[in-house]
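Q: One structure follows; several queries about it will come next.
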């Protein structure tokens with residue numbers, strides 16, 4: 304796919320990997336609708352990236368808000384080409400110590416939000432004569448378990464299953480569906496669980512460059528799944 308002037312949606316665009324992905328897509332001259340809950344961060348990113356980045360302050364876990372925005376933005380003459388489901392929440396902790404608020408936030412962001420956005424966008428992609436691409440950000444914890452991460456693993460196993468079923472469903476509609484399963488990324492994503500970012504983690508720019516590469520593959524080539532890990536995951540000495 305040539306990304307020039309392609310219309311992309313990136314959820315969780317206000318920080319971390321979402322910001323890196325949005326930056327990489329704008330550098331390729333795509334038009335990016337960046338969704339996130341923090342309007343101040345999104346507007347700051349627009350100041351940096353320019354008019355090709357359109358900030359949309361929204362919680363993907365709010366089904367009515369998602370549906371309203373999609374229906375007001377897209378039509379049979381203005382259709383999205385790319386959807387990157389990146390928004391998510393993550394907390395590590397013992398199952399009997401995890402709060403209900405943390406549980407509900409992970410389920411709502413990582414699972415419900417994934418469905419709310421994708422189910423609204425797919426009908427417009429089906430109208431698009433060009434090849435479209437849905438790319439879901441999973442995790443290595445969607446392939447293997449980890450102590451004190453049962454709830455988070457549940458959601459990421461869900462992303463994995465959702466992606467595999469969806470690519471089988473949509474491939475005849477000329478819509479690619481891929482799952483990217485990264486290991487630890489050098490962002491503040493898990494800081495509330497006491498996991499600090501460091502230089503040996505996957506760098507957001509490196510991962511966003513890989514995502515761009517997946518999007519730019521030939522139209523009849525589908526990468527359904529990639530797992531990426533840091534070579535040496537331990538903090539530098």
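Residue numbers (my numbering): 304 to 540.
Built from N, CA and C at the ideal position, the CB exists for glycine as well.
Keep in mind the model is a prediction, meaning the values are calculated, not measured.
(1) Going by DSSP, name the residue or residues bridged to residue 511.
(2) Quick check on this structure: which residue in 466, 310 and 356 has the alpha carbon closest to the alpha carbon of residue 440?
(3) Consult DSSP for residue 371 and reduce its assignment to one of helix, strand or coil.
(4) Cα separation between residue 360 and residue 339?
(5) Do residue 510 and residue 488 have their C-beta atoms within less than 8 Å of each other?
(6) When the Cα atoms are used, what is the spatial distance from residue 372 to residue 407?
(7) Among 434, 531, 448 and 486, whose alpha-carbon lies nearest the alpha-carbon of residue 521?
(8) Per DSSP, residue 335 forms a beta bridge with which residues?
(9) Around the Cβ of residue 416, are there at least 16 other Cβ atoms within 10 angstroms (buried) or fewer (exposed)?
(10) Measuring straight from C-alpha to C-alpha, what distance separates residue 398 and residue 316?
(11) Taking only three categories from DSSP, how would you classify residue 414?
(12) Taking the alpha carbon of residue 515 as the point to measure from, which residue in 324, 314, 320 and 478 has its own alpha carbon closest?
(13) Output yes or no for whether 8 Å exceeds the beta carbon distance between residue 358 and residue 351.
A: Walking through what the data contain:
(1) Bridge pairing for residue 511: absent [DSSP].
(2) 466
(3) In the structure shown, residue 371 sits in a helix (DSSP, three-state: H, G or I).
(4) 5 Å
(5) yes
(6) Going from the Cα of residue 372 to the Cα of residue 407 covers about 23 Å.
(7) 434
(8) 311 and 356
(9) buried
(10) 29 Å
(11) helix
(12) 324
(13) Taking C-beta atoms as the reference points, residue 358 and residue 351 fail to come closer than 8 Å.
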